[in-house]
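In full-length UniProt numbering, the protein residues as written are 1 to 136.
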């Protein structure tokens, strides 16, 4: 007997694909266009360096940002928030140059469904410190 797929499986896949598209845009230098169209008008990003950027500031900063050479996403969790709203929480590592100098953080992306499409309302980064040298 087969069971019907959980509707959350489709939501998980759809939002994870948006996250990958966003990271690929940051690697390709098209992040300003991607996030400019993905974010809600009043959306914000809370960044690891302690600043909060509104949509206009995100677009401006990504126009001048260096690209990432690669990224990894893992430990992904879907958090349903309500009808038409969901959050994706995950660990990410991205690097420019050597993988040893990677940026590692926990990420949260809160999406809302508007006009039939997912839009990013809130994105937040919490940096993960590198392991202490000499620790097991």
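Don't be surprised by glycine CBs; every beta carbon is placed ideally from N, CA and C.
As the structure is a prediction and not an experimental result, all values here were calculated from the model.
* Report the rounded CA-to-CA distance for residue 15 versus residue 48, giving the unit in angstroms. => 22 Å
* Could you pull the start and end residues of the alpha helix (DSSP H) that residue 38 belongs to? => 31-38
* **Alpha-carbon spacing of residue 79 relative to residue 59, whole angstroms** => 27 Å
* Would you give the residue range spanned by the alpha helix (DSSP H) that residue 86 belongs to? => Residue 86 -> not in any alpha helix (DSSP H); beta strand (DSSP E) instead, spanning 85-95.
* If you follow the alpha helix (DSSP H) that residue 62 is part of, which residue opens it and which one closes it? -> 55-63
* Under 8 Å by Cβ, that's how I've got residue 19 and residue 109 pegged, so tell me the actual separation to the nearest angstrom. => 6 Å
* Based on the DSSP secondary-structure assignment, which residues constitute the bridge partners of residue 82? -> 85
* For residue 130, the first and last residue of its enclosing beta strand (DSSP E) -> Run containing residue 130: none; DSSP gives neither H nor E here.
* To do: Indicate whether residue 65 and residue 23 have their beta-carbon atoms separated by less than 9 Å.
  => no
* Asked: Do residue 120 and residue 40 come within 9 Å of each other at the CB atom, strictly closer than that value?
  -> Contact flag set, yes.
* Return the residue from the list 130, 115, 128 that minimises the CA-CA distance to residue 38. => Comparing Cα positions, the closest option is 115.
* Residues near residue 112 by beta carbon distance below 7 Å, same chain, minus five either side -> So the qualifying residues of the chain are 40, 84, 85, 119, 121.
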